[in-house]
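For the record, in the sequence shown the residue sitting at position 122 is 215 according to my numbering, with numbers rising by one throughout.
Note that CB positions come from ideal geometry on N, CA and C, so glycine has one too.
Given the structure is predicted, the values throughout are model-derived calculations rather than measurements.
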Amino acid sequence: DLGGCGLAALPDDFGERLPSLRKLNAAKNALSSLPASFAGLLQLRIAFFLGCDFETVPSVLGRLPRLFMLSFKANKLSAIPEDALSPSIGWLILSDNRLERLPASIGRLGGLRKCMLAGNRLTELPAEMGRCRDLELIRLADNRLREMPTYVSLYVHFII
């Protein structure tokens with residue numbers, strides 16, 4: 094638990110020192126990037142970056158084979174690179190950011206069950222998100238959506 098420790102960065106060898114780490118709470122720090130060694134956290138299942146300074150989801154997270162729960166709630170996110178989301182993600186929390194679009198690669202998250210997107214600037218959801226057949230809950234309040242894709246009403250209980 095590194096929450097609220099005043100961190101501006103994680104050590105360059107963070108992933109090398111903690112290869113068996115399963116849960117990381119780095120909330121309420123001044124973090125805006127992750128070291129390349131983060132890819133060494135092959136057992137990491139849960140990562141919380143609530144209230145940090147990230148503007149982009151770090152691509153290194155896309156290489157974590159067991160990452161199940163990922164939270165970047167209340168950051169400064171405006172971009173998610175196509176390779177930043179691990180296919181193993183089941184819970185994705187991106188509420189209260191500046192996102193205007195989601196990457197098409199979100200369709201690779203076949204086991205995505207919960208997706209929190211409230212409080213962003215989304216105008217549409219990518220068609221590829223329709224491949225997320227396990228999606229149970231999606232929160233979309235306070236966005237700029239013009240219409241709801243048909244796959245949302247077919248597979249999801251949504252809260253607006």
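Item checked: Contact check, Met-209 vs Ile-173, beta carbons under 9 Å -> no
With burial defined as no fewer than 16 other Cβ atoms inside 10 Å of the residue's Cβ, what is the status of Lys-166: buried or exposed?
buried
- Query: Given Leu-100, which residues of its chain have a CB within under 8 Å of its CB, disregarding the five upstream and five downstream residues?
  - Reply: If we look at Leu-100 and ignore the five residues flanking it on each side, its Cβ neighbours are Ala-119, Asn-122, Ala-123 and Leu-124.
Task: Complete runs of the beta strand (DSSP E) confined to the segment 147-224 [at least 3 residues] - done: 162-164, 184-186 and 207-209
- Message: Considering only their Cβ atoms, is the gap separating Ala-102 from Ser-126 smaller than 9 Å?
- Response: yes
Exposed unless 16 or more other CB atoms sit within 10 angstroms - verdict on Ala-140 | buried
| request: Measure from the alpha carbon of Gly-223 to the alpha carbon of each residue in Asn-213, Val-245 and Leu-95, then state which is nearest. | output: Val-245
(message) Here's the rule I'm using: 16 or more other beta-carbon atoms within 10 Å means buried, otherwise exposed. How should Cys-225 be labelled?
(response) buried
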